[in-house]
Amino acid sequence: MFSAIYIEEEVRDSARVQEILTRFPSIPRISCDRYGEVFNRNAQNFRLQKEAPGLILAKKYGNLVLPSPEGYGFKEGRSYYFSHMLNCLYDCRYCFLQGMFRSANYVLFVNYEDFALQIEELIEKQNGPSIYYSGYDCDSLAMEPVSKFSKFFLPLFEKYPESTLEIRTKSMQIRCLNERPAIPNCIVAMSFTSQESSKKYEHKVASNQKRIQALQKLQDSGWKVALRFEPIIFEYGLLGHYRKLFFEIFNSLEVNQIHSVSIGEFRMPASFYKNIVKIYPDEELYAREISISDGVASLKDTDANVIQELEKLLFEHVQPEQYYRCA
Amino acid sequence: MNSDLILNFLIAHKLEASPIVTHFKMELVEKSPYKIYQNKQGMRLIISGTGYNNAVRAVTYLAEADKPRGPASAGWVNTGIAGHKTAGIGSLFFINKIVYKKTGEVYYPALNLVNGMSTGLITVDEPELYYPKDSVYDMEGAGFFKASMNFSSVEFIHSIKVISDNRAHPTQKITRDLIFDLMTRSCPQIQAFCKALMSQVMEFNRIASFGEIDLGLLNGLHFTATQRLQFQRYCQRYCALDRKEELESLGSSNWRSSKDLLNELAKNLE
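Read top to bottom, the protein sequences are chains A and B.
Mapping to the working numbering: the first sequence position 163 is 164, numbers consecutive.
Mapping to the working numbering: the second sequence position 236 is 802, numbers consecutive.
In structure tokens:
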């Protein structure tokens, strides 16, 4: 599963690290002082590493929970995000992480208790609801058997019903959720692109059909689910493809029970985009015409009209109150 | 030096290198300042001499000699004998961490291609007789890695060490025959690894040169360094978009200047 496991000396003896190491007795273990020695060094290639990434077990310092970027997510109070992990098990060609990090190794920050402390401090400061997004720098559930992320964080949010946890994922690792009672203030947000986009760009990811089935199971167990249609990447027949996808999804789920639905176009900081072009010069997606505005790169062919047309299609199935457009 | 070189070996001594030279059918191509061997499969070997600084200089020498062949990457492999507290004589280790004892600098070779035992390496300036840590000991690894990182991605830089001495079999017992025998027996495993590494390097270079068009074909147009980069990126984009024929057609037209050509290439992509 991993080419190597790098372990910061400081966390080597922690119970969480020891439990993870027990799962992988035959993978080489390499000690390091700080994860940046492996993760942030110069002269490494994300594309090459993605073929066989290592796992880095580390401790995160400083501000572990940060205010969400402007326009991120739905509007239900102050919003924050936290990343217990960097990088993703999947290999989606459109992903901004390819340009954000030099390394494709996975970093798992194992000091969950420190994250919990900061989350609790923030919750207690709020006069009303607040939202906590997980899955910005990783897929929240994909590594669940190793990370036990939801096993730790769900009981935390269970204590604070006014605060919402959104778990962003494309993963089938939902057993951890279905094995326990649903929590009303936790939303499992599944990302989708059209079947055509998914086949082309989403490597190592379960099919849309399987993701829909996972959402059905979650709804059946009482979990709130959400749908994230992003990134929208222009393709010939796009509206027809999404019409079909919307039909499949909304005929499989209890639409009124869907917490929220969003659409977001393909966009990322221009600096990340440039980094990705260097490692994927042969990728069709990064050969398209782009426009750069305020330091953000987006595709010229996926303009506001395309998004509006998709919204029209979407509103054939969901109420406008359930919808938001990603900024 | 030719443009097909895809793997560089750095080995401290001729005694260690000799079985590798024979196994890979290399021939002496340079005698001074370094002995350099090469074969027709894109492998090259330099004998660096002992120690951190000699390793740095030898890597730099090879890489500088390669500059005329452009940005194509090469794999780098440091192999040779080394010591270990307990590991059996003849054990072969891929190195997963290198510490230079003198300065504390640390390097982490990737294990993405490794199919065998891996362990840490400590590079020392004087032969280590007591092997205090459970690591391999050598005298070149850190210098080799540090210098190679200036010229290649870390995924292409590897150290493979063969144990020649331990507490029960100290350095005084190492003979010329033993070195020859240990390195000869290690050749098949080194060869298997090098095959995978060379394949990865070739694929990497194929991607790096994706969409490359010979500028000489463009009717003698003059390109500035910036225009050259722009042109290469346009070529990549046309190829990635499966529009290579259009690119070739545009390229074969008569252009007054490179600027005109670049403008047309851009306009045509809009």
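Backbone N, C-alpha and C fix where the C-beta goes; we use that ideal spot for every residue, glycine too.
- Residue range 16 to 24 is occupied by the alpha helix (DSSP H) that includes residue 17 (chain A), with no beta strand (DSSP E) assigned at that position.
- In terms of Cα proximity to residue 639 (chain B), the closest of B:767, B:708, B:599 is B:767.
- Chain B places no beta carbon closer than 8 Å to that of residue 295 (chain A), leaving this residue out of the contacts.
- Contact between residue 246 (chain A) and residue 196 (chain A) holds, since their C-beta atoms are separated by about 7 Å, short of 8 Å.
- Here residue 59 (chain A) really is in contact with residue 110 (chain A); their C-beta atoms are around 6 Å apart, less than 8 Å.
- Inclusion of residue 720 (chain B) and residue 127 (chain A) in the CB contact set at 8 Å is not warranted, their separation being larger than that value.
- Within the same chain, 48, 94, 99, 287 come within 8 Å of residue 281 (chain A) by CB-CB distance, once the 5 residues on both sides are set aside.
- For residue 709 (chain B), no beta strand (DSSP E) run applies; the uninterrupted alpha helix (DSSP H) run containing it begins and ends at 707 to 714, by DSSP.
- As a beta-bridge residue in DSSP terms, residue 92 (chain A) pairs with A:204.
- The beta strand (DSSP E) runs lying completely inside the segment 616 to 694 of chain B and spanning 3 residues or more are 641 to 650, 658 to 666, 684 to 689, given in chain order.
- For residue 829 (chain B), no beta strand (DSSP E) encloses it; the enclosing alpha helix (DSSP H) starts and ends at 824 to 835.
- Annotation note: the segment 43 to 100 of chain A contains the following uninterrupted beta strand (DSSP E) runs of length 3 or greater, listed N- to C-terminal: 56 to 59, 66 to 68, 79 to 83.
- CA-CA distance, residue 583 (chain B) to residue 817 (chain B), rounds to 48 Å.
- Contact between residue 651 (chain B) and residue 732 (chain B) holds, since their C-beta atoms are separated by about 6 Å, short of 8 Å.
- The straight-line gap separating the alpha-carbon atoms of residue 35 (chain A) and residue 723 (chain B) is approximately 21 Å.
- One alpha carbon belongs to residue 43 (chain A), the other to residue 686 (chain B), and they sit about 21 Å apart.
- Contact between residue 87 (chain A) and residue 138 (chain A) is confirmed by a C-beta separation of about 5 Å, below the 8 Å threshold.
- Assigned with DSSP and collapsed to three states, residue 604 (chain B) falls in strand.
- For residue 284 (chain A), the residues of chain B that pass the 7 Å Cβ criterion are 806, in the order they occur in the chain.
- Its chain contains 135, 150, 168, 169, 170 as the residues whose beta carbon lies nearer than 7 Å to that of residue 141 (chain A), once the 5 sequence neighbours on both sides are disregarded; these appear in chain order.
- By the rule that beta-carbons nearer than 8 Å mark a contact, residue 794 (chain B) does not touch chain A.
- Here DSSP, grouped into helix, strand and coil, assigns residue 319 (chain A) to coil.
- Residue range 239 to 251 is occupied by the alpha helix (DSSP H) that includes residue 241 (chain A).
- Put simply, the backbone Cα of residue 763 (chain B) is about 7 Å away from that of residue 641 (chain B).
- Under a 10 Å Cβ-count criterion, residue 70 (chain A) is classified as exposed, with fewer than 16 other Cβ atoms of the shown protein chains found around its own Cβ.
- DSSP, reduced to helix, strand and coil, places residue 183 (chain A) outside both helices and strands of the structure shown, so it counts as coil.
- With a threshold of 8 Å between beta carbons, residue 773 (chain B) makes contact with chain A.
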